[in-house]
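J.:
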Amino acid sequence: MYRGVIFDIDGTLYDYQINDFLAMKHFCAFIEENLGVEEKIFRETYSEARKIIRGRLKDTAAAHSRILLIQTALEMLGKNPFNHVLELYDVYWNFFLENMRPYDGAEEFLSRLKARGIKISTCTDMTAQIQYRKLKKLGLDKFIDFMVTSEETGFEKPAPIMFELALEKMKIRADEAAFFGDSLERDILGAENVGIEPFWFIADRKIESGGEKYKKIRSYRDSELKNFF
50 MYRGVIFDID GTLYDYQIND FLAMKHFCAF IEENLGVEEK IFRETYSEAR
100 KIIRGRLKDT AAAHSRILLI QTALEMLGKN PFNHVLELYD VYWNFFLENM
150 RPYDGAEEFL SRLKARGIKI STCTDMTAQI QYRKLKKLGL DKFIDFMVTS
200 EETGFEKPAP IMFELALEKM KIRADEAAFF GDSLERDILG AENVGIEPFW
250 FIADRKIESG GEKYKKIRSY RDSELKNFF
């Protein structure tokens, strides 16, 4: 019987890829209309800005900052970021948050965990503020007891501190916990390395190879999860 369950957020509690795809389309259309920068040019510049930020900040929460990405892309395009950066940040995230939905069965699964007295934490490679906003918009915040972010620890998964801090907050041992995540390297191997039982949430993605030994979950309604209750 598990005393605590830890969840990654993006790609595990909701579909990050489709939300980012749609938000970026909206974002680029806004920029083309209001800043006069063609979508193709902006996407290429934004991609280069991401490489610059990731190269400079490595595996830290700030490397995910949309503010820094937008600022850097605007500077590369010769635009003064003070005229646009805050508005553009809201254009992307407001659309993203408005359209996101939890994966089928996720709310029910968390609700049942909560009803059983099982502690729930999230563990995410992102800044805290936007992750709190996501969970609130998804309607899942009411089930979650704790959050661990790479902003808080100074490291990203699979660094042991990310998982160990979640255990510390929940006041449980590693062998009393389960971890749900969509990344084999960061989530599944990271959890296993500290003694937490991992569940690889793959949804409808095709898995080419690797990770055959791990429990794979396609839905929060999978029969594989009946042992939680």
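Taking this note's numbering, the leading residue of the sequence shown gets 50, the next gets one more, and so forth.
The beta carbon of each residue, even a glycine, is placed where N, CA and C say it ideally should be.
Taking Ile-101 as the reference, give the member of Asp-194, Phe-250, Ile-119 with the closest Cα.
T.: To locate residue 101, count along the sequence shown from 1; it is residue 52. When each option's Cα is compared against that of Ile-101, the closest is Ile-119.
J.: Let me know the secondary structure DSSP gives Pro-130 once reduced to three states.
T.: Within the sequence shown, the letter at position 81 stands for residue 130. If DSSP states are grouped into helix, strand and coil, Pro-130 belongs with the helices.
J.: Determine the burial state of Phe-248: buried for a count of at least 16 other Cβ atoms within 10 Å of its Cβ, exposed for fewer.
T.: In the sequence shown, residue 248 corresponds to position 199, counting from 1. Looking at its Cβ environment, which holds 16 or more other Cβ atoms inside 10 Å, Phe-248 is buried.
J.: Can you tell me the Cβ-Cβ gap for Gly-53 and Ile-221, rounded? I've got them flagged as a contact below 8 angstroms.
T.: Along the sequence shown, one-based indexing puts residue 53 at 4. Along the sequence shown, one-based indexing puts residue 221 at 172. Yes, Gly-53 and Ile-221 are in contact; Cβ-Cβ is about 5 angstroms, under 8 angstroms.
J.: What residues in its chain sit with their C-beta under 7 angstroms from that of Leu-238, if we drop five residues either side in the sequence?
T.: The residue you call residue 238 lines up with position 189 of the sequence shown. If we look at Leu-238 and ignore the five residues flanking it on each side, its Cβ neighbours are Pro-207.
J.: So, with DSSP's three-state summary, where would you put Pro-37?
T.: In the structure displayed, the chain extends from 50 to 278; residue 37 sits before or after that span and is not available.
J.: DSSP three-state call for Phe-158: helix, strand or coil?
T.: In the sequence shown, counting from the first residue as 1, residue 158 sits at position 109. Three-state DSSP puts Phe-158 in a helix.
J.: Looking at the structure shown, is Tyr-152 part of a helix, part of a strand, or coil, going by DSSP?
T.: The residue you call residue 152 lines up with position 103 of the sequence shown. Of the three classes helix, strand and coil, the one that applies to Tyr-152 here is coil, per DSSP.
J.: Three-state secondary structure (DSSP) at Tyr-263?
T.: On the sequence shown, residue 263 is found 214 positions in, with the first residue counted as 1. Coil, per DSSP.
J.: May I ask you to verify whether the segment 176-186 touches the segment 221-232, counting CB pairs closer than 8 angstroms and requiring at least 3?
T.: No: the two stretches stay apart, fewer than three of their Cβ pairs being nearer than 8 angstroms.
J.: I need the DSSP call for Ile-169, collapsed to helix, strand or coil.
T.: Position 120 of the sequence shown holds residue 169. Strand.
J.: Report, in whole angstroms, the separation of the C-beta atoms of Val-134 and Ile-116, which I expect to be a contact under 8 angstroms.
T.: Against the sequence shown, residue 134 aligns to sequence position 85. Against the sequence shown, residue 116 aligns to sequence position 67. Rounded, the Cβ-Cβ distance is 6 angstroms, consistent with contact.
J.: Count the CB pairs spanning the segment 264-272 and the segment 149-158 that are closer than 8 angstroms, and state whether there are at least three.
T.: Yes, since at least three Cβ pairs between the segment 264-272 and the segment 149-158 fall closer than 8 angstroms, the two stretches touch.
J.: Would Ser-199 be called buried (16 or more neighbouring beta carbons within 10 Å of its own) or exposed?
T.: Here residue 199 refers to the residue found at position 150 of the sequence shown. Counting Cβ neighbours within 10 Å, Ser-199 comes out buried, since at least 16 surround it.
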